[in-house]
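Notes follow once the structure below has been shown.
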Amino acid sequence: MSPNQSSENGAASQPDVALETLAITAGREASGSSLAPALWASSTWESDSLDDANRRATSVRHGGFYSRYANPTVQSFEQAIAKLEGAEEALAFASGMGAVASTVLALCSTGSHIVAQRQLYAGTLAFLQGPCQRLGIDVTFVDLGTPGAFSEAVRPGKTMLVIAESPSNPLLELADLDELGAIAGPFTLVDSTFATPLGQQPLAHGVDISLHSATKGIAGHNDATLGVIAGDADLLGEIWAYSVLHGATPSPFDALNALRGLRTLGVRTRQQSLTARSLAVSLADHPEVTAVHYPGLSEHPQHQLATQQLRQYGSVLSFEVANRDAAANFLSRLRLARIATSLGGPETLVCHPATSTHASLTPDEMTASGVTEGLLRVSLGLEECNDIIDDLVNALEAPSTEA
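By numbering that gives the first Met the number 0, the letter at position 80 of the sequence shown is numbered 79, and the numbering carries on one by one without gaps.
So this is what it looks like as structure tokens:
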């Protein structure tokens, strides 16, 4: 399947329109209401009687009581994500890590077992190795590139959750979603942040939970901090019950910004993905570049899998130069791209994972995650394609400013 073709997977419960169209229409109020979503900033709602207060208090998930439990603006965002994911429901959190922590702690307890890939976002890795292990939750890490690794690590009756991240941060490695969806017993979770709901549909492959840091591509403007999961209503009800006690409640202001950003997700990801692939091709033949990690390249070891399960190859790539000094020199020569973490926004962002996103890892953990001193991660923005490619290529070719 071409990365620009619409996937038919999981489309039975969705309107017969493209996902890009659904991103514009989903989560809207009924006809006749305001075209822009309303901001419900209130933290609490008034009751008109004792009985009304009791009714509201016993149906808190449906709103109209207290915003830690539910908020209409947040619910509009959740409904839109559920539509895009082909899910019964979606549940928003204060951040992507709020989504990870609430999901894990709602489904696991002392004595539980988790299987997770070794190549994870450093925050998720730190959570699994820190709080989870202190609580007596055992975690087995597997290599993403080993076929069957997730299934083989499952302990019947003990494993409660299997966690994957695809594409992975920062090397853009892929988990086989069909393999994950076929695992019986534990719940399966895929962090689909790099792909966005327009890039892949984990639930259509049988995965139980699709997770996003909506801060990134979904919101898309570097002005909201939000996480979201999508899946079965009963399962998300369990996670919601924990999340309100955990305090991972999202702000309605961030939900409003994310919902606004969602409306342009289609045009943004299409342009960003095209620029990313063009940049990857340019870097692949550059003498200063020792490796390019982007599944849209035909020489990528998982290119065939990417073509099968991704609608777009994505807006993020990483590449390697000789060493840390070469990486520092490259960053110092950039003129358009910004040196910053995060991804999915209108500005092209470049970061050095070893000293930023993955700086908390030990040297052994960094090696296991494939993070080298010469690795650079690029999130392509919406600048004109040739302008940003020229900026990055020129930064590689410019003479050193050192004496």
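Here a beta-carbon is modelled for each residue, glycine too, at the ideal position from N, C-alpha and C.
- Using a Cβ-Cβ distance cut-off of 8 angstroms, the stretch 180 to 193 and the stretch 27 to 47 are not in contact, since fewer than three pairs of beta carbons, one from each stretch, lie closer than that value.
- About 10 angstroms separates the beta carbons of VAL153 and ILE113, which is beyond the 8 angstroms limit, so they are not a contact pair.
- For the pair GLN199 and GLN271, the CB atoms are not nearer than the 8 angstroms cut-off.
- Around the beta-carbon of PRO362, fewer than 16 other beta-carbon atoms lie within 10 Å, marking it exposed.
- In the pairwise beta carbon analysis, the stretch 107 to 121 is classified as touching the stretch 144 to 162: at least three pairs are separated by under 8 angstroms.
- Counting C-beta atoms within 10 angstroms of its own C-beta, ASP50 has fewer than 16 neighbours from the protein chains shown and is therefore classed as exposed.
- Apart from the 5 residues on each side of it in sequence, MET96 sits with its Cβ closer than 6 angstroms to the Cβ of GLY122 in its chain, given in chain order.
- Its Cα nearest to that of ALA115, the residue LEU179 stands out among THR195, LEU264, LEU179 and LEU282.
- Taking 8 angstroms as the cut-off, the beta carbon of TRP44 is found no closer than this to the beta carbon of PHE76.
- In the three-state reduction of the DSSP assignment, TYR241 falls in the helix class.
- In this structure, DSSP gives ASP50 a helical state, which the three-state scheme calls helix.
- Inter-residue distance for ARG323 and VAL349 is about 14 angstroms (C-alpha atoms, whole angstroms).
- With a contact defined as Cβ atoms closer than 8 angstroms, VAL280 and SER378 miss out at about 17 angstroms.
- For PHE186, the uninterrupted beta strand (DSSP E) run begins and ends at 186 to 190, by DSSP.
- Distances from the CA of ARG332 to each of PRO130, PRO196, GLU396 and GLU87 were compared; the closest alpha carbon is that of GLU396.
- In the structure shown, GLY122 adopts helical secondary structure according to DSSP, grouped into three states.
- In this structure the stretch 234 to 249 lies against the stretch 82 to 100, because at least three pairs of beta carbons, one per stretch, are closer than 8 angstroms.
- In the DSSP assignment, SER355 is bridged to no other residue.
- Proximity to LEU278 across THR224, VAL392, GLY219 and GLN78 peaks at VAL392, based on C-alpha coordinates.
- For ASP137, DSSP records a beta bridge to HIS112.
- Put simply, of ARG310, GLY373, PHE318 and GLY230 the residue whose alpha carbon is nearest the alpha carbon of TYR293 is PHE318.
- Selection PRO345, LEU374, THR356 and ASP386 evaluated against LEU119 yields THR356 as nearest (Cα-Cα).
- By the Cβ criterion, the stretch 252 to 266 is in contact with the stretch 208 to 228, since at least three pairs of Cβ atoms, one from each stretch, lie closer than 8 angstroms.
- Our two residues, ALA93 and THR248, have alpha carbons roughly 5 angstroms apart in a direct line.
- HIS351 has its alpha-carbon roughly 34 angstroms from the corresponding atom of ALA203.
- CA-CA distance, THR145 to THR366, rounds to 17 angstroms.
- When DSSP states are grouped into helix, strand and coil, ARG332 belongs to the coil group.
- In the DSSP assignment, TYR312 forms no beta bridge with any residue.
- The Cβ atoms of LEU176 and PRO166 lie no closer than 8 angstroms to each other.
- Taken in chain order, the complete alpha helix (DSSP H) segments of 4 or more residues contained in the stretch 251 to 275 are 251 to 261.
- For VAL161, the enclosing beta strand (DSSP E) covers residues 158 to 164.
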